[in-house]
Amino acid sequence: MKVDLNQVEEACRELYIRALKILPPDIKQGFERLDRSETDATGKAILGTMIKNIKVAEDMNNLLCQDTGIPIYTVVIGAGVDVDGYRLKQAVIKGCERATREHPLRSSVVHPVTRVNQHTSCGRAVPVINIDFTAQEETLSIEMIPKGSGSENNSWLKMAVPADGVDAIKTFVIDCVLDAGGKTCPPTIVGVGVGGTADLCVHLSKVAATRPLGSKCDDPEGAKLETELTQAVNQLGVGPQGLGGDSTAFAVHVETAATHITMNPVAVNMQCHSARRARATFTPAGLTYGF
Amino acid sequence: MAHYDFNMPVTEEQIRKLRVNDTVTLNGTLYGIRDATYIHMFDRGRKVKFDMRGHAVIHTAPNVRWVGETQAAPSGYAPICIGTTTSARMERFTRPLMEQYGVRITIGKGGLGQGSLEAFRDLGGVYLAVVGGAAALETTWVEQIEDVDLDDLNPESLWKFRVKGFGPLLVSMDSHGGSLYTQVNRSARDKRAAALASLGVKI
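So the sequence lines, in the order shown, correspond to chains X and Y. Going by the working numbering, the first sequence opens with residue 1266, and the numbers climb by one from there. Going by the working numbering, the second sequence opens with residue 162, and the numbers climb by one from there.
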């Protein structure tokens, strides 16, 4: 399958806008679940406002949240896909830039030292473009995530040591949730990276935070931690917006990687309740949009 | 738990009546402000053209469209999506904003810290919580972008919005030392040991 790069550019433009406007069905279901179980009056009222906002955004074709985030595109290239990698990256950047100018969207991206905003949502090494490969034949998928800063500003890495054991991982997650309070726009998806190198551990925490609700870590040890930690963080009573209640997190997601004999790293990254993402899939049958 | 409708600006007396868990709806003028706006006003000494005495600010940087100055869009900007950002980053500016500009209400999400709570007590101010991430809904409460200052910082300009039925917003920090964030945080920390025990962690 040969990929048309003009179509990739067009899709990357469309994906940014779609992600900002339509919340994935698994997140909507997550809201319904929390709304049913929330026992705190303030928490329940806040969840109600969030649910109403999802409908207002769809009815008015508007953005769910003002924060257009840092744009992240994850491209997964299947077997038998013929694509020029360099030009593919250029097409992603162009699509991101066009979405910002043409919609228009607030460009939330500045140079880290001068703080100059190019008003394109782009800059040095941004959009973040992750590229991976899959055995799936004749398929190229692009997932777009606008990562909001309220949640991203609360990111942590701890290089624990083997003697600290798995207790260090569990304690760290609880303390990060306490530390975040309402700043991450709860209810959140708490993403936890376990193992790897420092940078891989942080990356895994982001992968975990942006995974669909209902998905499980494919490492049984990670999946076990997910169940235990989801229950534990929701005992804390931080609640929606940090104003109290049962609904602190939709879920805790964990991703794991092998690590060094001397290391025990753990990272936490959170996704806010506006857990936005959109996906475009290219196959020989054409281009389809989803989540 | 009382509800108040405010036509902006307000007096110190009106603010002192508010207690945590009350709700407030605003009408009239509302100023949009955030990180870069504060930094330029207080760290770089830039003056602003608005009289903000008795007014409210909201922590925001909106999505706007340039439409050119018309009667319907006197600032030249039409709103697309106006929401709220996390307030905690701007903690150190609460007191100077109140002392130098006479602002009485800060609207945001996630709450402010002890320094702000003291400023609210000393100077007569409150923090009102809006639901973060509910920006599509919030935008329906904004009638117009009337004016803008420090627009070289766009989107972090100082925005002057005209709002109608902006709320209900929750009084989550008042001028009597009350803070729902402190209450919730203390209660959550009290539950830490039980949460760790449920995970089999030995403390």
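Heads up, the beta-carbon is just placed ideally off N, CA and C, and yes, glycines get one too. In this text, all values refer to a predicted model and were calculated from it rather than measured experimentally.
Taking the C-alpha atoms as reference points, what is the distance between residue i and residue j?
i: P1289(X); j: T231(Y); result: 38 Å
i: A1445(X); j: A280(Y); result: 23 Å
i: V1346(X); j: T1548(X); result: 9 Å
i: V1381(X); j: P1485(X); result: 45 Å
i: G229(Y); j: M1528(X); result: 58 Å
i: A1522(X); j: D335(Y); result: 47 Å
i: G1458(X); j: Y165(Y); result: 46 Å
i: L341(Y); j: V181(Y); result: 7 Å
i: P223(Y); j: Y238(Y); result: 10 Å
i: A1474(X); j: G294(Y); result: 17 Å
i: V1268(X); j: F1398(X); result: 15 Å
i: I200(Y); j: G215(Y); result: 21 Å
i: L360(Y); j: A1344(X); result: 42 Å
i: V1533(X); j: G1360(X); result: 30 Å
i: V292(Y); j: R205(Y); result: 31 Å
i: R323(Y); j: A1545(X); result: 39 Å
i: V1426(X); j: V1472(X); result: 23 Å
i: I1526(X); j: T1462(X); result: 12 Å
i: D1429(X); j: V1321(X); result: 48 Å
i: I194(Y); j: V1341(X); result: 40 Å
i: A1400(X); j: V209(Y); result: 59 Å
i: I364(Y); j: S333(Y); result: 33 Å
i: T301(Y); j: N1327(X); result: 11 Å
i: M259(Y); j: A355(Y); result: 41 Å
i: P240(Y); j: Q1331(X); result: 11 Å
i: G274(Y); j: H220(Y); result: 15 Å
i: R1542(X); j: Q1294(X); result: 15 Å
i: K1489(X); j: E1274(X); result: 40 Å
i: D1291(X); j: R1389(X); result: 33 Å
i: K325(Y); j: I268(Y); result: 15 Å
i: G1415(X); j: M1315(X); result: 16 Å
i: L1312(X); j: R282(Y); result: 30 Å
i: E174(Y); j: M162(Y); result: 18 Å
i: Y192(Y); j: A249(Y); result: 18 Å
Using only alpha-carbon positions, find the residue among the options that is nearest to residue i.
i: I1337(X); options: Q1355(X), L1370(X), P1392(X) and R1283(X); result: P1392(X)
i: I1407(X); options: G1413(X), N1395(X) and A1400(X); result: N1395(X)
i: A233(Y); options: L341(Y), E307(Y) and T221(Y); result: E307(Y)
i: R1371(X); options: D1432(X), L1285(X) and I1434(X); result: L1285(X)
i: R1363(X); options: G1487(X), E1402(X) and R1278(X); result: R1278(X)
i: R177(Y); options: V287(Y), V324(Y), P316(Y) and L311(Y); result: V287(Y)
i: W227(Y); options: P1369(X), L1270(X) and D1432(X); result: P1369(X)
i: P1530(X); options: T1449(X), N1271(X), K1448(X) and K1435(X); result: K1435(X)
i: V225(Y); options: A290(Y), G285(Y) and V303(Y); result: V303(Y)
i: P257(Y); options: I241(Y), A354(Y) and M213(Y); result: M213(Y)
i: G1413(X); options: T1492(X), D1291(X), S1386(X) and A1433(X); result: S1386(X)
i: H1384(X); options: G1430(X), T1333(X), M1409(X) and A1428(X); result: T1333(X)
i: M202(Y); options: F254(Y), T172(Y) and Y192(Y); result: F254(Y)
i: T172(Y); options: K208(Y), A249(Y), T245(Y) and G285(Y); result: G285(Y)
i: T246(Y); options: I1358(X), S1373(X) and R1366(X); result: S1373(X)
i: L1552(X); options: R1389(X), N1326(X), E1403(X) and R1366(X); result: E1403(X)
i: L1310(X); options: I194(Y), L191(Y), E174(Y) and A290(Y); result: The question names Leu, but residue 1310(X) in the sequence shown is Ala. Per the Cα distances, A290(Y).
i: N1271(X); options: I1439(X), D1483(X) and V1357(X); result: V1357(X)
i: A358(Y); options: Q1331(X), K1448(X), Q1496(X) and M1315(X); result: Q1496(X)
i: S277(Y); options: H337(Y), R350(Y) and V362(Y); result: H337(Y)
i: A1276(X); options: Q1294(X), G1313(X), L1405(X) and A1488(X); result: L1405(X)
i: C1466(X); options: T1524(X), M1409(X) and D1440(X); result: T1524(X)
i: S236(Y); options: G339(Y), L319(Y), E174(Y) and V362(Y); result: L319(Y)
Between residue i and residue j, which are expected to be in contact by the criterion C-beta below 8 Å, what is the C-beta distance as a whole number of angstroms?
i: E1520(X); j: L1469(X); result: 4 Å
i: A296(Y); j: I243(Y); result: 6 Å
i: P1411(X); j: Y1554(X); result: Not a contact, Cβ separation roughly 16 Å.
i: M169(Y); j: A217(Y); result: 6 Å
i: D312(Y); j: F211(Y); result: D312(Y) to F211(Y), Cβ: 13 Å. No contact.
i: G1308(X); j: G1510(X); result: 2 Å
i: N1499(X); j: L298(Y); result: Rounded, the Cβ-Cβ distance is 26 Å, inconsistent with contact.
i: K1448(X); j: G271(Y); result: 4 Å
Does the segment 1531-1542 of chain X come close enough to the segment 1448-1465 of chain X to have 3 or more Cβ pairs within less than 8 Å? yes
Would you call the segment 253-271 of chain Y in contact with the segment 1342-1359 of chain X, where contact means no fewer than 3 C-beta pairs closer than 8 Å? no
What are the start and end residues of each continuous beta strand (DSSP E) run of 3 or more residues lying completely inside the segment 1401-1488 of chain X, in chain order? 1405-1412, 1420-1425 and 1453-1460
For the pair the segment 1374-1387 of chain X and the segment 1289-1308 of chain X, tell me if three or more CB-CB distances fall below 8 Å. Flag = no, the segment 1374-1387 of chain X and the segment 1289-1308 of chain X do not touch.
Any contact between the segment 1513-1530 of chain X and the segment 1461-1481 of chain X? By contact I mean 3 or more CB pairs, one from each, below 8 Å. yes
Unbroken alpha helix (DSSP H) runs of length 4 or more, entirely within the segment 1281-1362 of chain X: which are they? 1290-1302 and 1306-1324
Three CB pairs or more closer than 8 Å across the segment 317-337 of chain Y and the segment 182-190 of chain Y: Flag = yes, the segment 317-337 of chain Y and the segment 182-190 of chain Y touch.
Inter-stretch contact (C-beta, 8 Å, three-pair minimum) for the segment 1420-1427 of chain X and the segment 1352-1361 of chain X: no
Using 8 Å as the cut-off, can you tell me whether the segment 342-351 of chain Y makes contact with the segment 1497-1506 of chain X, which would need three or more C-beta pairs spanning the two stretches below that distance? yes
At what residue ranges does the segment 268-334 of chain Y contain a whole run of the beta strand (DSSP E), taking only runs of 3 or more? Taking only runs of at least 3 residues, the beta strand (DSSP E) segments lying wholly in the segment 268-334 of chain Y are 287-290, 303-310 and 319-334.
Could I get the ranges of all uninterrupted alpha helix (DSSP H) runs contained in the segment 232-272 of chain Y, with 4 residues as the minimum, in chain order? 255-262
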